[in-house]
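Colleague: Our numbering numbers the first residue of the sequence shown as 2 and each following residue consecutively. Where is the CB? At the ideal position from N, CA and C, for every residue including glycine. Let me begin by handing over the structure; questions about it come next.
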Amino acid sequence: MKTKFINSTERITPELLEGYVLCYPDKVKLGGENIIVRAHSKDEKKVAIVTLGGSGHEPALSGFVGEGMLDCSVVGDVFAAPGAQRLFQALQLMKREAGILLVVLNHSGDVMSANMACQLAERAGIKVKQLLTHDDISAGIDAPKEDRRGLAGCVPLFKILGAAAEEGKSLDELLEIGERFNKNIATLAVATGKCTHPQNNALISDLPPGIMEIGMGQHGEGGGGQKPLVSADETAAEMVDLLCRQLKPKAGDKLLLIINGTGATTQMEHNIIFRKAYQELEARELQVVSSRIQEILTVQEQAGFQMIMAILDEDHINYLNNKKADAPYWTTIGK
């Protein structure tokens with residue numbers, strides 16, 4: 002039984018990308034099959050920021066291609082990494098003397114494609130370095146970063162790196178800025194309902210009514226265990242506590258706080274969650290200086306949200322808040 006407005010199941014990704022670039026022709030265009038690039042390329046003397054990932058998480062990741070953010074997004078099929086050859090095609094497209102910084106979310110398919118494409122790029126004389134994101138803390142406080150999945154924390158990282166690249170920072174400088182941010186960001190997801198795969202209606206995740214799971218991944222992977230659904234305040238307080246245990250912020254630290262909706266939870270609920278999270282941080286004498294309540298990375302019709310928190314250095318604050326960005330799903334006026 003059909004439950005979603007699609008045509009051919011084999012054409013979901015190219016058709017959604019075609020619709021996307023038709024809607025925002027002043028910001029993005031197709032650079033090849035399933036490759037999204039900026040409508041107006043930046044100076045080739047500046048480092049290009051590239052990422053990759055499967056479709057089905059809209060607006061991530063292509064929604065953040067634009068001035069002051071990503072230069073290119075390479076899109077795989079629904080919940081699947083793009084192949085190494087397609088990524089290599091994008092790296093050839095972005096080739097420049099300044100180099101390319103490839104941001105890779107820590108999922109096995111993405112990592113495999115990135116490693117293979119970078120090997121091909123090296124042989125072709127393309128200057129590229131990888132930055133791996135691993136912000137999900139559901140594996141536990143002591144888990145090595147290699148075991149942590151990349152979640153929606155990649156999006157503020159795109160903003161920081163894009164702004165720094167526009168400023169003319171070198172590839173090595175960008176890598177340092179990004180790694181420093183990576184060390185001080187943590188994301189935790191909570192799910193409260195089911196979602197289905199748009200190509201076959203198969204259940205990706207299925208939680209009974211009245212049940213929640215803190216720590217679920219963005220493809221329905223298990224997290225910290227199921228338990229009865231509790232209030233917004235109780236949920237937010239628990240998640241803030243877990244994130245603070247990971248990051249260990251000190252009184253006076255300046256923080257990023259984002260509530261990312263995963264598809265079916267309402268803006269009303271997001272606002273209520275943010276309110277309590279903000280109050281919890283304020284009670285710990287922590288200052289939220291950059292914040293958003295927005296769907297930046299979804300999981301089809303998954304009910305729930307991701308809470309993203311980061312301790313910010315002054316340059317990160319500047320890049321997040323005061324530098325212009327003009328991507329379809331993230332705009333900053335700038336100073």
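So, at 8 Å on beta carbons, what are the nonlocal neighbours of K46 in its own chain, with the 5 sequence-adjacent residues on each side left out?
Modeller: Within the sequence shown, residue 46 is the residue found at index 45, counting from 1. The residues are R97, E98, A99 and G169.
Colleague: Given 8 Å as the limit, is there contact between the region 145 to 156 and the region 181 to 201, that is, 3 or more CB pairs closer than that?
Modeller: Judged by Cβ distances under 8 Å, the region 145 to 156 makes contact with the region 181 to 201, as three or more pairs qualify.
Colleague: Tell me which same chain residues have a C-beta within less than 7 Å of the C-beta of G27, skipping the five on either side of it?
Modeller: Within the sequence shown, the letter at position 26 stands for residue 27. It is worth fixing the name first, because residue 27 is Asp in this sequence and not Gly. These residues qualify, in order along the chain: A40.
Colleague: Mind checking which residues open and close the alpha helix (DSSP H) that includes S114?
Modeller: For this step, residue 114 is matched to residue 113 along the sequence shown. Segment S109 to R124, the alpha helix (DSSP H) holding S114.
Colleague: For the candidate residues G179, L257 and L62, whose alpha-carbon lies nearest to that of L340?
Modeller: Only positions 2 to 336 of the chain appear in this structure, which leaves residue 340 out of reach.
Colleague: If T193 and L208 are in contact, beta carbons under 8 Å, what's the gap, nearest whole angstrom?
Modeller: As a working note, residue 193 is residue 192 in the sequence shown. As a working note, residue 208 is residue 207 in the sequence shown. With 8 Å as the limit, T193 and L208 qualify as a contact, their Cβ atoms being about 6 Å apart.
Colleague: For C119, collect the residues of the same chain with a Cβ closer than 6 Å to its Cβ; drop the 5 residues on either side in sequence, then sort them by chain order.
Modeller: Counted from its first residue, the sequence shown places residue 119 at position 118. Answer for C119: V129, listed in chain order.
Colleague: Hey, V105 and A115: beta-carbon distance below 7 Å or not?
Modeller: Against the sequence shown, residue 105 aligns to sequence position 104. Against the sequence shown, residue 115 aligns to sequence position 114. Contact flag set, yes.
Colleague: Would A203 and Y320 be called neighbours here (beta carbons separated by less than 7 Å)?
Modeller: Residue mapping note: residue 203 aligns to position 202 of the sequence shown, counting from 1. Residue mapping note: residue 320 aligns to position 319 of the sequence shown, counting from 1. Not a contact, by the Cβ cut-off of 7 Å.
Colleague: Closer than 7 Å by C-beta to E19: which residues in its own chain qualify, once you throw out the five before and the five after it? Chain order, please.
Modeller: Residue numbering aside, residue 19 sits at position 18 when the sequence shown is read from its first letter. Nothing meets the Cβ criterion.
Colleague: Assuming V79 and G64 form a contact by the criterion Cβ under 8 Å, report the distance between their Cβ atoms to the nearest whole angstrom.
Modeller: To locate residue 79, count along the sequence shown from 1; it is residue 78. To locate residue 64, count along the sequence shown from 1; it is residue 63. Between G64 and V79 the Cβ distance is about 16 Å, and since that is not below 8 Å, they are no contact.
Colleague: Just checking my contact of Q247 with I161 at CB under 8 Å: how many whole Å lie between their CB atoms?
Modeller: For the purposes of this step, residue 247 is identified with residue 246 of the sequence shown, where counting begins at 1. For the purposes of this step, residue 161 is identified with residue 160 of the sequence shown, where counting begins at 1. With 8 Å as the limit, Q247 and I161 do not qualify as a contact, their Cβ atoms being about 20 Å apart.
Colleague: Between which two residues does the alpha helix (DSSP H) carrying V22 extend?
Modeller: To locate residue 22, count along the sequence shown from 1; it is residue 21. First-last of the alpha helix (DSSP H) with V22: I13 to C24.
Colleague: Beta strand (DSSP E) containing K184: first to last residue?
Modeller: Residue numbering aside, residue 184 sits at position 183 when the sequence shown is read from its first letter. It is not in any beta strand (DSSP E) - K184 carries neither H nor E in the DSSP assignment.
Colleague: Taking the alpha-carbon positions, what's the G262 to I273 distance?
Modeller: By 1-based counting over the sequence shown, the position of residue 262 is 261. By 1-based counting over the sequence shown, the position of residue 273 is 272. Cα-Cα distance, rounded: 13 Å.
Colleague: Quick check on the DSSP output: the alpha helix (DSSP H) that includes F65 runs from which residue to which?
Modeller: Taking the first residue of the sequence shown as position 1, residue 65 is located at position 64. Here F65 belongs to no alpha helix (DSSP H), and DSSP marks it neither H nor E.
Colleague: List the DSSP bridge partners of E214.
Modeller: Residue mapping note: residue 214 aligns to position 213 of the sequence shown, counting from 1. For E214, which the question treats as bridged, DSSP gives the partners A192 and Q227.
Colleague: Run the CB neighbour count on C73, radius 10 Å, all protein chains shown included, and call it buried at 16 or more, exposed below.
Modeller: Locating residue 73 in the sequence shown gives position 72, where the first residue counts as 1. Under this definition C73 is a buried residue.
Colleague: Look at the alpha carbon of A284 and the alpha carbon of L257, and state the distance between them as a whole number of angstroms.
Modeller: Position 283 of the sequence shown, counting from 1, holds the residue named residue 284. Position 256 of the sequence shown, counting from 1, holds the residue named residue 257. Straight-line Cα distance between these residues: approximately 16 Å.
Colleague: Report yes if the CB atom of A252 is closer than 7 Å to the CB atom of E286, and no otherwise.
Modeller: The residue given as residue 252 occupies position 251 in the sequence shown. The residue given as residue 286 occupies position 285 in the sequence shown. Going by C-beta atoms, A252 is nearer than 7 Å to E286.
Colleague: Thinking V66 and V38 are a contact (beta carbons under 8 Å), I'd like their distance in whole angstroms, please.
Modeller: Residue 66 sits at position 65 when you count from the first residue of the sequence shown. Residue 38 sits at position 37 when you count from the first residue of the sequence shown. With a Cβ gap of about 7 Å, V66 and V38 count as contacting.
Colleague: Grab the span of the beta strand (DSSP E) containing L102 for me, first residue to last.
Modeller: Walking along the sequence shown from the start, residue 102 turns up at place 101. Looking at the DSSP string, the run of the beta strand (DSSP E) that includes L102 is I101 to L106.
Colleague: Here's the rule: buried if 16 or more other CB atoms are within 10 angstroms of the residue's CB, otherwise exposed. What is Q288?
Modeller: Walking along the sequence shown from the start, residue 288 turns up at place 287. Under this definition Q288 is an exposed residue.
Colleague: K228: which of D234, T332 and G211 sits nearest, CA to CA?
Modeller: Here the question's residue 228 lines up with position 227 in the sequence shown. Of the listed residues, the one whose Cα sits closest to K228 is G211.
Colleague: Apart from the five residues just before and just after F275, which ones in its own chain have a Cβ nearer than 6 Å to its Cβ?
Modeller: Position 274 of the sequence shown, counted from the first residue, corresponds to residue 275. Cβ within range, chain order: I260 and I294.
Colleague: Using the rule of at least 16 other Cβ atoms within 10 Å of the residue's Cβ for burial, across every protein chain shown, is V231 buried or exposed?
Modeller: Here residue 231 refers to the residue found at position 230 of the sequence shown. V231 should be labelled exposed.
Colleague: Count the other CB atoms within 10 Å of the CB of R124; is the residue buried (16 or more) or exposed (fewer)?
Modeller: Here residue 124 refers to the residue found at position 123 of the sequence shown. Classification for R124: exposed.
Colleague: Is the beta carbon of F306 closer than 7 Å to that of T266?
Modeller: One-based indexing of the sequence shown puts residue 266 at position 265. One-based indexing of the sequence shown puts residue 306 at position 305. In this structure, F306 lies closer than 7 Å to T266 by Cβ.
Colleague: In three-state DSSP terms, what is N272?
Modeller: One-based indexing of the sequence shown puts residue 272 at position 271. Looking at N272 - three-state DSSP - the assignment turns out to be helix.
Colleague: Buried or exposed, going by whether 16 or more other CB atoms sit within 10 Å of the CB of M308?
Modeller: What you label residue 308 is simply residue 307 of the sequence shown in a count that begins at 1. Buried: at least 16 other Cβ atoms inside 10 Å.
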